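Peer 1: Structure incoming, see below.
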Amino acid sequence: MQINLSGHHVEVTDSMRSYVSEKLQKLERHFDHINNVYVVLKVEKLQQIAEATLHVNAGEIFASANHEDMYAAIDGLVDKLDRQVLKHKAKLAHH
């Protein structure tokens, strides 16, 4: 799984980078057909926003989460992605 991480109005630190990568490993345990992940961390006014697009076999999964704290936004994002990945996996299993 290749992770592309970029920042918009925010400097992506090494600790953010490793945090994102560590969190995304959890998704890979549930579903190993994730090819690429594009993550964008943004700051808009007082909100920290984390967005991601997962390129998976047979589609794309997108999620976004925002919070006052960037790490909390990343946690929320990964939770949303996790639910969607499991749903996608279940859908594939039924075909």
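Numbers given in the working numbering equal positions in the sequence shown, counted from 1, plus 1039.
We treat Cβ as the ideally placed atom computed from N, Cα and C, and that holds for glycine.
These figures come from a predicted structure and were not determined experimentally.
(1) Do L1120 and A1102 count as a contact pair if the criterion is CB distance below 8 Å?
(2) Closest to E1061 by CA distance: which of I1042, Q1086, E1090 and A1089 is it?
(3) Based on the DSSP output, what are the partners of V1074 in its beta bridges?
(4) Using 10 angstroms around the beta-carbon of H1200, count the other beta-carbons present and answer buried if the total reaches 16, otherwise exposed.
(5) Opposite T1052 in the DSSP bridges: which residues?
(6) Take the Cβ of A1129 as the centre, count every other Cβ of all protein chains shown within 10 Å, and call the residue buried at 16 or more, exposed below.
Peer 2: On the basis of the supplied data:
(1) Here residue 1102 corresponds to residue number 63 of the sequence shown, with the count starting at 1. Here residue 1120 corresponds to residue number 81 of the sequence shown, with the count starting at 1. Cβ atoms of A1102 and L1120: closer than 8 Å.
(2) Counting from one through the sequence shown, the residue named residue 1061 turns up at place 22. Checking every option, the nearest Cα to that of E1061 belongs to I1042.
(3) Position 35 of the sequence shown holds residue 1074. A small fix is needed here, since residue 1074 is Asn in this sequence, not Val. None; N1074 has no bridge partner.
(4) Nothing in the structure corresponds to residue 1200, since the chain is present only between 1040 and 1134.
(5) Counting from 1 along the sequence shown, the entry for residue 1052 is found at position 13. Beta-bridge pairing links T1052 to no other residue.
(6) Looking up residue 1129 in the sequence shown gives position 90. Counting Cβ neighbours within 10 Å, A1129 comes out exposed, since fewer than 16 surround it.
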